[in-house]
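Notes follow once the structure below has been shown.
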Amino acid sequence: MFKIDGFFTSGWTFDESEHYLKNRYQMVNVGILLSASGLIYGIIGNYVRDVQGFIPIEIALLCMNFVMFFALRVYRHFFEFFAITMTLQYTFLFLYLIYVGEPSELKHLWIFTYPIILLYFQKTISALYWLCFIIFMLLVAPMQDFVEIQYSMYQVTYISFVLIIISIIIYFYQKKIDEARTIILEKQNMLHDFNSELEKQVKDKMIELMKLNESLELKVEQKLEELRSKDQILQSQSKQAVMGEMISMIAHQWRQPLSTITLQIADLQFKQMLGKGRSDEDIDKALSNISDTIVYLSDTVDDFQTYFRPNKEVASIEIHELLQRALNFALSRVKYENIKIRINKHLDIEVKTYINELVQVVLNILNNAIDAHNELKVKDPFIAIEVAAQSDSIFISIEDNAGGIQSQHLAHLFEPYFSTKGKNGTGLGLYMSQMIIQKQFGGVIDVKTSQSGAVFTIKIPKNIA
């Protein structure tokens, strides 16, 4: 598509730093087109008036105009040469009209405006030389004897005066333009320097930020490693604490069965020593009781081994069966403290979960409730366990009537090493329980307390993928 701006810039594109050169291209193209129009008009007029002397010169200048017009579109770096060539050829035409023409033909003197305009794009010293040369040639014209001219001294002086006035106007106009251009270039350079400095500062800041990020990433990784190590230590300590409690429970559970076995064996031995025989039926019954007791002890050991199995696996189980398994570990303490405990079952709820981990969490909460009852000596102590299912989650509620939790302790309840049991508490049970539920199950433990007791609610997904 034709663009008028590209036409006057000879089809070249210029960036912001070449704005001055772009203006020069536009002026030269305008000068070429206007002078070509004037030459064509002069050729036609001279032909009609049968003035043959100027036609060859005008045709030659017109041809040169067209050559330069198209050459500017091919040879960009020859701009100065074309500008000087145009100035010289129209200077020649101007002087030719003075030396050869007649005053009546002053209508042709408009041509001298083109070299003046073109000189606007020359250096100041070049324009001064050109002006001096033109004035010299004008003033010498009436005084020389080589060519007879038709202009008087007054006429050439008048023309010289007009030429000087126009040149002065153009000079001051050019000076103002140059000053403005210089200021603009200085501002552009300052802006460029500022942008360069800003880019450098931004680059330096980016490097600093990258180094800082790398340092922070390293520190975060170190802190995460420390936290992982700390969690492993806390988990190990919690496991050991629970193991100690469970060994104590097993020992407590084994005392009565072992005493029973010992008494039955002692009874057999005592009667044998007294010479009182025992019937085979009595012996079989005693041996059966001893065998049942041993099976009970073996089941207790199996539960203990299952709980501390190192590999963590997802398995399916009915939730009340899992709760009963946790309760079995604490059953001896419950009986010893004379605590009534019940698991409210409304319907079977099958879950797919980490069985041992959930048993550990429930057992921790049960032990805390038993400890609270033991400390406060509550009348008619009880612990109630209830399960509810909602959408894809299950809620295990463990409620006691051990007087609740003091408000100042509530905010720190799940913090590591926080305990209200004094030297008897590790402060790890509830902390590890919360960590297990949050990290392994993606759930949460919530606690509500009142003057009558506390309710711990465990929320976990029904099925773990």
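For the sequence shown, the working numbering assigns the number 79 to the initial residue and increments by one for each residue that follows. Where is the CB? At the ideal position from N, CA and C, for every residue including glycine.
What would DSSP say about threonine 340, mapped onto helix, strand or coil?
Helix.
Count the CB pairs spanning the region 390-405 and the region 478-494 that are closer than 8 Å, and state whether there are at least three.
Touching, no.
In chain order, what residues of the same chain have a beta carbon less than 6 Å from the beta carbon of phenylalanine 147, not counting five sequence neighbours either side?
So the qualifying residues of the chain are Ile110.
Could you tell me which uninterrupted alpha helix (DSSP H) segments, each at least 4 residues in length, are contained entirely in the region 95-143, listed from first to last along the chain?
Listed in chain order, the complete alpha helix (DSSP H) runs (minimum 4 residues) inside the region 95-143 are 97-126.
Between tyrosine 207 and chain D, is there a C-beta pair that is closer than 8 Å?
Here chain D cannot be found, since the structure has a single protein chain.
Could you check the C-alpha separation between valine 392 and lysine 430 for me, to the nearest Å?
Between valine 392 and lysine 430, the C-alpha separation is close to 6 Å.
Roughly how far, in whole angstroms, is the beta-carbon of tyrosine 98 from the beta-carbon of arginine 259, given that I think they are within contact range, below 8 Å?
Contact holds; Cβ gap of about 6 Å.
Take tyrosine 125 and list the residues in its own chain whose beta-carbon comes closer than 6 Å to its own, dropping the five residues that flank it on each side.
Once the five neighbours on either side are set aside, tyrosine 125 has no close Cβ partner at all.
Given a cut-off of 8 Å, decide if aspartate 478 and alanine 532 are closer than it, judged by their beta-carbon atoms.
The answer is yes: Cβ separation under 8 Å.
Between which two residues does the beta strand (DSSP E) containing serine 394 stretch?
Run containing serine 394: 392-396, per the beta strand (DSSP E) assignment.
Would you call the region 465-474 and the region 523-538 in contact, with 3 or more CB pairs under 8 Å?
Short answer: they touch.
With DSSP as the reference, label valine 522 as helix, strand or coil.
Valine 522 falls in the strand class under three-state DSSP.
Between which two residues does the beta strand (DSSP E) containing asparagine 422 stretch?
Asparagine 422 -> beta strand (DSSP E) spans 418-422.
Grab the span of the alpha helix (DSSP H) containing serine 447 for me, first residue to last.
Looking at the sequence itself, residue 447 is alanine, so the reference to serine does not match. Note, alanine 447: alpha helix (DSSP H), 433-454.
Where tyrosine 229 and aspartate 128 are concerned, what is the direct C-alpha to C-alpha distance, given to the nearest angstrom?
Answer to the nearest angstrom: the Cα atoms are 23 Å apart.
Glutamate 464 lies in the beta strand (DSSP E); which residues open and close that run?
Its beta strand (DSSP E) spans residues 460-468.
Looking at the strands, I want to know which residues DSSP matches up with asparagine 541.
Its beta-bridge partners are Lys430.
Quick one: using the 10 Å Cβ neighbour count with 16 as the cut-off for buried, is asparagine 291 buried or exposed?
Per the 10 Å Cβ criterion, exposed.
Name the DSSP beta bridge partners of phenylalanine 473, please?
Ala466, Lys537, per the DSSP bridge assignment.
Could you work out which residue in Met510, Gly89, Tyr174 is closest to tyrosine 153 when comparing CA atoms only?
The candidate whose alpha carbon is nearest that of tyrosine 153 is Gly89.
Quick one: is leucine 216 buried, meaning 16 or more other Cβ sit within 10 Å of its Cβ, or exposed?
Buried, by the Cβ-count rule.
Considering only the beta carbon of each residue, do glycine 507 and asparagine 442 sit closer than 8 Å?
Contact: yes.
Does the Cβ-Cβ distance between leucine 140 and isoleucine 118 come in under 8 Å?
A contact, by the Cβ cut-off of 8 Å.
So, are the CB atoms of alanine 408 and isoleucine 448 less than 8 Å apart?
Contact flag set, yes.
Go ahead and pull the three-state DSSP assignment for threonine 169.
Here threonine 169 sits in helix by DSSP.
Around the Cβ of arginine 411, are there at least 16 other Cβ atoms within 10 angstroms (buried) or fewer (exposed)?
With 16 or more Cβ atoms within 10 Å of its Cβ, arginine 411 is classed as buried.
Mind checking which residues open and close the alpha helix (DSSP H) that includes methionine 510?
Residues 507-513.
Can you say whether methionine 66 is buried or exposed, counting buried as having 16 or more other CB atoms within 10 angstroms of its CB?
A question about residue 66 goes unanswered here, because the residues of the chain that appear run from 79 up to 543.
When the distance is taken between beta carbons, is phenylalanine 86 closer than 8 Å to asparagine 107?
Going by C-beta atoms, asparagine 107 is nearer than 8 Å to phenylalanine 86.
Does the distance from the C-beta atom of glutamate 464 to that of glutamate 428 stay below 8 Å?
Not closer than 8 Å, so no.
Quick one: grab the DSSP three-state call for aspartate 309.
DSSP places aspartate 309 in helix when its eight states are reduced to three.
Ignore the nearest five residues each way along the sequence and tell me which others in alanine 219's own chain have a CB closer than 7 Å to its CB.
Excluding sequence neighbours, alanine 219 sits near Ile176, Tyr177, Ile227, Tyr229, Val234.
Specify the secondary structure class of threonine 260 as computed by DSSP and reduced to three states.
It is helical.
Among the residues of its own chain, which have a CB less than 8 Å from the CB of glutamine 529, if the five just before and after it don't count?
The answer, listed in chain order, is Gly481, Gly482.
In the structure shown, what three-state DSSP assignment does alanine 489 receive?
Three-state result, alanine 489: coil.
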